[in-house]
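**Student:**
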Amino acid sequence: MSVLELRGLTKSFGGVHAVRDVSFEIGAGEFLAMIGPNGAGKSTCFNMINGQLAPDSGDILCDGKNIAGLAPRDIWRLGVGRTFQVAATFGSMTVIENVQTALISHARESYRLWRPAASRHRTRALELLRQVNMQDAADRPSRELAYGDVKRVELAIALANDPKLLLMDEPTAGMGASERHGLIELVKRLVVERGISVLFTEHSMDVVFAFADRIVVLARGRLIADGDAASIRDNVQVREVYFGTGKTFAGASA
Amino acid sequence: MTLNAFLFQILNGLSAASGLFLIAAGLSLIFGVTRIVNLAHGSLYMLGTYIAYTFATKIGGVTGFWGGIVATALIVGVIGALIEIVLLRRIYRAPELFQLLATFALVLVINDAALWLWGPADLLGPRAPGFRGAIEILGRRLPSYDLFLIVIGPLVLLALHLTLSRTRFGRLIRAATQDREMVGALGVNQAVLFTSVFALGAALAGLGGALQIAREPANLATDLIALGDAFVVVVVGGMGSIPGAYLAAVIIAEVKALCVGIGVVDFGFVTINFSKFTLVAEFLVMAIVLIARPYGLLGKAQGAVRSIAEPEEPIRPATPLLKALGAVVLVLLVCLPLLAQSTYFGSPYLLVLGIDVLIAIIFAASLHFIMGPGGMHSFGHAAYFGLGAYGAALLVKWLALPFGAALVAAPLLALAGALLFGWFAVRLSGVYLAMLTLAFAQIVWAAVFQWEGFTGGSNGVIGVWPPPPFDKSWVYFLLTLVLAVAAVLLLRRVLFAPFGYAMRAGRDSALRAEAIGIDVKRVHWLGFAIAGLICGVAGGLFAFAKGSISPETIHINRSIDGLVMVLLGGVQTLTGPIVGASVFAVLQDTVMRQTEYWRALMGAIILVLVLAFPQGIVGAFAALWRKAGGRT
Amino acid sequence: MRPTHYMLALATALGCAFAAPAFAQDTIKIGELNSYKAQPAFLEPYKRGMELALEEINGKGGVLGKKIELIVRDDGANPGEAVRVAEELVTREGVVMLTGTFLSNIGLAVTNFAGQKKVFFLASEPLTDKITWADGNKYTYRLRASTYMQTAMLMPAAIAANAKRWAIVYPNYEYGQSAAATFKDMLKKAQPGAEIVTEQAPPIGKIEAGAVAQAIDDAKPDAIFNVLFGADLTKFVREGNTRGVFKNRTVVSLLSGEPEYLDPLGEETPVGWIATGYPWDKIKTPDHVAFLTAYQKKFNDYPRLGSIVGYTTIKSIAAGLAAAKSTDTEKLVEAFKGLSVTGPFGTFTYRASDHQATMGAYVGKLALEKGKGTMIDVKYVDGASVLPSDADTKKLRPSAD
Ligand SMILES: Nc1ncnc2c1ncn2[C@@H]1O[C@H](COP(=O)(O)OP(=O)(O)O)[C@@H](O)[C@H]1O
Ligand SMILES: [Mg+2]
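Residue numbers (this note's numbering), protein chains in the order written: chain A, -9 to 244; chain B, -4 to 627; chain C, 14 to 414.
1. Indicate the three-state DSSP secondary structure (helix, strand or coil) for Ile222 (chain A) in the structure shown.
2. Indicate the three-state DSSP secondary structure (helix, strand or coil) for Arg487 (chain B) in the structure shown.
3. I'd like the list of long-range same chain contacts for Pro226 (chain C), defined as Cβ closer than 8 Å, with 5 residues on each side in sequence excluded.
4. I need the DSSP call for Arg10 (chain A), collapsed to helix, strand or coil.
5. For the structure I just gave you, are there three or more beta carbon pairs, one from the stretch 134 to 154 of chain A and one from the stretch 113 to 125 of chain A, closer than 8 Å?
6. Using three-state DSSP, classify Tyr152 (chain C) as helix, strand or coil.
7. Between Met587 (chain B) and chain C, is any beta-carbon pair separated by less than 8 Å?
8. Note the first and the last residue of the continuous beta strand (DSSP E) segment covering Phe3 (chain A).
9. Let me know if Val228 (chain A) comes out buried or exposed under the rule of 16 or more other beta-carbons within 10 Å of its beta-carbon.
10. Label Ala11 (chain B) either buried or exposed according to how many other C-beta atoms from any shown protein chain fall within 10 Å of its C-beta, with 16 as the threshold for buried.
11. Would Pro62 (chain A) and Asn40 (chain A) be called neighbours here (beta carbons separated by less than 8 Å)?
12. Which residues of chain B have a Cβ atom closer than 8 Å to the Cβ of Leu107 (chain A), listed in chain order?
13. For Leu9 (chain B), which residues from the same chain have a beta carbon less than 6 Å from its beta carbon, with the 5 sequence-adjacent residues on both sides left out?
14. Keeping to the same chain, check which residues put their C-beta closer than 6 Å to that of Ala380 (chain C); ignore five residues upstream and five downstream.
15. Please tell me whether, using a cut-off of 7 Å, the distance from the CB of Gln42 (chain A) to the nearest non-hydrogen atom of ligand 2 is below it.
16. Mark Arg594 (chain B) as exposed unless 16 or more other C-beta atoms lie within 10 angstroms of its C-beta, in which case mark it buried.
17. Please report the Cβ distance between Gly598 (chain B) and Leu101 (chain B), rounded to the nearest whole angstrom; I am assuming they are in contact, meaning their Cβ atoms lie under 8 Å.
18. Compile a chain-ordered list of the residues in the stretch 244 to 259 of chain B whose CB is closer than 7 Å to at least one CB of chain C.
19. Under 7 Å between beta-carbons, which chain B residues line up against Glu99 (chain A)? List them in chain order, please.
20. Helix, strand or coil for Ala252 (chain B) per DSSP?
21. Does the CB of Asp261 (chain B) have a neighbour CB from chain C at under 8 Å?
22. If you follow the beta strand (DSSP E) that Val394 (chain C) is part of, which residue opens it and which one closes it?
23. Only counting the same chain, and skipping five residues up and downstream in sequence, which positions put a Cβ closer than 8 Å to that of Asp87 (chain C)?
24. If you draw a straight line from the C-alpha of Pro609 (chain B) to the C-alpha of Leu95 (chain B), how long is it?
25. Could you give the distance in angstroms between the alpha-carbon of Ile237 (chain B) and the alpha-carbon of Arg98 (chain A)?
26. Please state whether the Cβ-Cβ distance between Ala20 (chain B) and Pro121 (chain B) is less than 8 Å.
27. May I ask you to check if the CB of Gly29 (chain A) is nearer than 7 Å to at least one heavy atom of ligand 1?
28. Considering only the alpha carbon of each residue, which of B:Cys254, B:Phe262, B:Gly235 lies closest to Phe269 (chain B)?
29. Within its chain, find whatever has a CB closer than 7 Å to the CB of Pro153 (chain A); leave out the 5 residues flanking it on each side and keep chain order.
30. Measure the Cβ-Cβ separation of Ser100 (chain A) and Ala505 (chain B) and say whether it is below 8 Å.
31. Considering only DSSP beta bridges, list what Leu137 (chain B) is partnered with.
32. If you draw a straight line from the C-alpha of Val207 (chain A) to the C-alpha of Leu213 (chain A), how long is it?
33. By Cβ distance, which residues of its chain are closer than 6 Å to Glu547 (chain B), with the 5 residues on each side in sequence left out?
34. Could you tell me which residues DSSP puts in a beta bridge with Trp179 (chain C)?
35. I'd like to know whether the C-beta atoms of Gly564 (chain B) and Ile573 (chain B) end up nearer to each other than 8 Å.
36. Measuring CB atoms only, is the stretch 207 to 217 of chain C touching the stretch 174 to 187 of chain C, in the sense that at least three cross pairs come out at less than 8 Å?
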């Protein structure tokens, strides 16, 4: 059964066709990677799924319901969380307050005017931070964190509403190789533990091939391949897009 | 109005438009590149009129007039460069908008300097050599100088356009207007770019002022008038867009000229004097444009400007020690009425000043609530103060409501206003939001000013004194104290509550906040409304404290006072507005008493504070405290 | 932390504010507040006028055996601020009375304050009729001839013009509005056939002079009633001159003959306008000559109308104190009733009925002499001659006494 299904999703900016007629499904509990060169339309896809952009045409079905064009906050309420390519946390808050703010919103308490936020959902927030190994930094201002840590806090924030689908746009951008593996491993573990589906983009093919259950490939806005690691590795079209003809992933990724 | 009269008024409008354009173009450039809200722009314009007058009368003749205009532009350009180098450059790392405080101080200093140098009398320059007379057009006489202005506006526009599109300097300016960080990345010396842009903007202001001496006297009130005009034109045209500025200038000038041309119209059931609408025409235009086109006529949505300021510290609850200290001070304040009566060093005036300070605190705290944690820089907060004040006064005057009821009802009117205006304002951000709030405030001001039968017009409402026992200052002081403490604690409580976090979340990253289910616009809208409500309390208290109110309670000067208080105290701290308001109100009281040149003194003090405390007073102390290892 | 911080700061600040001197009273303190920064052209000469009067009075030993001490404050051109300053003068400085103010709304706010707090207030310059009539009170007197009076002084000339079509131009606030209303009222009574063909009400300080001048010209009036002053007037006159708006038209104008507004016009002075004003070089009465000589000697400058008002204000106060033989407020209120004062414009009285001084103004034609504006055919109009009778006044003062 799929948690999310894209049907003929299309978006253009002025003359640029960022995404053209893209269709695929994300299965329950699936760890799905979306790859493609820079400018392929990955972020645009993410932005349409989470509601930040309205598609020009096409449907986004979530539990059979078309969510295309809904506001991000409404889509989030349906259980779709996300992290951003350029990590975004609330810089004026501590790490744990970031998570608490998300938990408060999840509990629909954002308009409460009286009881302090600091006392709300603290245990749960600590638990989430522990899961991403950030519990020791709980009371530090989030703006002081190293970039990799910010990404992990973002992950904790994104998990706050018990999402059934998590969208992660380049979660490991700017990380070193070992840190990158660590994070993806962590995500994979959470996914398995909690049974959520993840759609993520990632530039390191090592990571993608090692962890992804399935891979979709975008190039110039079009979906050019959809399959497991082995089939993508051998796909001629994909290789062409990435390296021109001839080379293989095995030779290229380092 | 005949067709000829109509067409002729269009010509009048075009010549006025050139004047407006010249004031505004420089401001637009400066803002576009440096993001500084330069309140001193009008002062540079005013200096232009005085300096050009001096050339035109001391040297005289063609050289004195035309040469003087060129020389004036250069001189004012140099002054602008000096301001940037000596003052503004030191505070680029301060929180957003902080530079506004410095330029506000400059307004005060420059005005007194002009008074000292040129004296109090208006100085009318000579007619322009070569353009003394008028030409017959459409059976009417158009001053040839107006024709000259009609031409010069587009010429300057063209010159600027060529500079911006054809030169490296121009390309840098455009790049910086689009994305300030990129310029730094391109390896351009940002300091030099900022200085030269400031100089160019100032020179344009000086030129604009100089060109007016043939039409209007150099006079000490022009600084603020020119500033107001320039802001409106820049915002309507779109920040950073020079052609937009010209277009906006034309629209605004034409609307005014036509209002004047239409004059009095009898509609049978009502007679309307359209010339009175020139009071508010530009602000109506601005409000309409901003609602329909949030970035102005030819403006582009700006990439989020990442602040280069020190980021904000997380908010923390009070420590026990400070709580205890707060309690002590509160007790002292409660005892103030006793102190005031003591013959040794007291005076009942202490209570009067105390009331004013407390009202200022409520005003500033409510502004800070949306400005700091909400990130909404309201330039029209006086609107809600005024609505509160007028609400209270008019309820007493027309409905004979008792004091208590009026005091309770007053904030509700402010709330209604804030709900209405806030709904539009939160759709914008940054300086556009600021300007829309300003436009709304000016519209309220104009409505109050104009609606004489109901509001008392320019005289306002007089004779709204509180009944016994509140007519005694000590009782009223205690009432104000209770309400001020309640307001401050309430706002604080809300900031620590989920709502405050949601509001800050929306400010820190609207994208992220929306992605965790927060309706940022609605949260900010409600925040705006809460601030309006609390501000209305201050307004109501003010009306009864003074016994009379007038449109000045809504005037832009009060809005600016509020900004100054908040920035002075430190926008990134929760006590900042309280300290800022206290310092500002007490300063004003003391300084105004001290000297003839109190404005310059006030400006100088603010400049010192600005340079000494670039995070605001409390911000600076908090930073010191953190450095010393303490926690706030 | 936060509330604590602010309270500390507040307490310190308020502590500093105590530092007011509270020494024994060996002078009579008069509190004066005015919009010095907002209206410097009028008020700097005004201040000099006060200084001159003070010097003369104190030089002769003061009044009631004490010297007069003037405590001058800026009111920030804002009624709210003005009320605070008034409170400060009364409660901290311990002044025995208040005087001053320029703008109508500030004059009214202080008038109301005086009534409420039972403080004697002599409004020196604000012109609005309301200070002595609609909103007048027991404790407030006013020196300067009101809007009503000044308009009335010009009416004979306006009626003599026998114009059918009138245009009116006035700044859009209390002073302009009430002058225009009074003018229309009086014109209607005196000359029922006359018609107002246009009314221009530009915002004060922000006139679109070209457009306004043109709109007036387009209405083809026979005569114009002008209430503009200051920078608005200067702009309007230059535009009007260039566009020929004033040609062959009678212009009747309030205040334009006052040096404050006339001098900046220079060669632009609209010759032939009939205006109220102060032709300081043309008044040869002994009272004025004495004043003029003393003023020029002290300041090496000629007086403006502000100088007259400032000077006469202080003279009035001294006379009032002497008559009251006390600084007590109630006694001062009584003493000013019918008080007779001699100033540069001669002797006048403060009417008991409406607390308005009868000091008049000069009416004449604007003229150009040696490139400078002046007045000719000058006539002094006594204020008493243009005021309603005491009986009629009663009806105009519902709330007073
Ligand atoms: N807001 C936008 N306006 C205009 N073009 C855009 C915008 N966002 C993305 N694009 C364009 O759409 C294409 C796809 O971009 P994006 O989705 O960010 O690619 P990816 O994330 O795969 O690198 C690119 O050509 C990009 O320049
Ligand atoms: Mg991307």
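A virtual CB, placed ideally from N, CA and C, is assigned to each residue, including glycine.
**Tutor:** Inspection of the coordinates gives the following:
1. It is helical.
2. DSSP places Arg487 (chain B) in helix when its eight states are reduced to three.
3. Inspection of the sequence shows that residue 226 (chain C) is occupied by Ala rather than by Pro. Closer than 8 Å at the Cβ level, and outside the excluded window around Ala226 (chain C), lie Phe249, Glu252, Gly253, Arg256, Val258.
4. Residue state, collapsed to three classes: strand.
5. Of all C-beta pairs linking the stretch 134 to 154 of chain A to the stretch 113 to 125 of chain A, three or more are shorter than 8 Å, placing the two stretches in contact.
6. Note: Tyr152 (chain C) maps to coil in three-state DSSP.
7. Closer than 8 Å: yes.
8. In the DSSP assignment, Phe3 (chain A) falls within the unbroken beta strand (DSSP E) covering -8 to 3.
9. Val228 (chain A) counts as buried, since no fewer than 16 other beta carbons sit within 10 angstroms of its beta carbon.
10. Around the beta-carbon of Ala11 (chain B), 16 or more other beta-carbon atoms lie within 10 Å, marking it buried.
11. In this structure, Asn40 (chain A) lies closer than 8 Å to Pro62 (chain A) by Cβ.
12. Going by the sequence as given, residue 107 (chain A) is Ala instead of Leu. What Ala107 (chain A) touches in chain B: Phe491, Ala492, Pro493, Gly495, Tyr496.
13. Closer than 6 Å at Cβ, skipping near neighbours: Ile145.
14. Excluding residues within five positions, the ones whose Cβ falls inside 6 Å are Val284, Thr387, Ile389.
15. Gln42 (chain A): no, Cβ never under 7 Å from ligand 2.
16. Buried, since its Cβ has 16 or more Cβ neighbours within 10 Å.
17. Indeed, because the Cβ distance is near 7 Å, the residues count as touching under 8 Å.
18. Hits within the stretch, in order: Lys251, Ala252, Val255, Gly256, Gly258, Val259.
19. Using a Cβ-Cβ cut-off of 7 Å, Glu99 (chain A) is close to Pro493 of chain B, given in chain order.
20. When secondary structure is reduced to three states using DSSP, Ala252 (chain B) falls in the helix class.
21. Chain C, which has no Cβ nearer than 8 Å to the Cβ of Asp261 (chain B), makes this no.
22. Looking at the DSSP string, the run of the beta strand (DSSP E) that includes Val394 (chain C) is 385 to 394.
23. Residues Leu46, Asn47, Ser48, Tyr49, Lys50, Val98 of the same chain have their beta carbon placed closer than 8 Å to that of Asp87 (chain C), with the five preceding and five following residues left out of the count.
24. Pro609 (chain B) and Leu95 (chain B): Cα-Cα distance of roughly 12 Å.
25. Taking the straight line from one Cα to the other gives about 46 Å.
26. In this structure, Ala20 (chain B) lies away from Pro121 (chain B), with their beta-carbon atoms at least 8 Å apart.
27. True, at least one ligand heavy atom lies under 7 Å from that Cβ.
28. The residue with the shortest Cα to Cα distance from Phe269 (chain B) is B:Cys254.
29. These residues qualify, in order along the chain: Gly69, Val70, Gly71, Ile186.
30. Result no, Cβ atoms of Ser100 (chain A) and Ala505 (chain B) do not sit closer than 8 Å.
31. Note: Leu137 (chain B) sits in a beta bridge opposite B:Ile130.
32. As the crow flies, the alpha-carbon of Val207 (chain A) is around 6 Å from that of Leu213 (chain A).
33. Excluding sequence neighbours, Glu547 (chain B) sits near nothing in its chain.
34. In the DSSP output, where bridge partners are listed per residue, Trp179 (chain C) has C:Ile209, C:Ala236.
35. It is a contact, given that the beta carbons lie within the stated cut-off.
36. Yes: the two stretches touch, three or more of their Cβ pairs being nearer than 8 Å.
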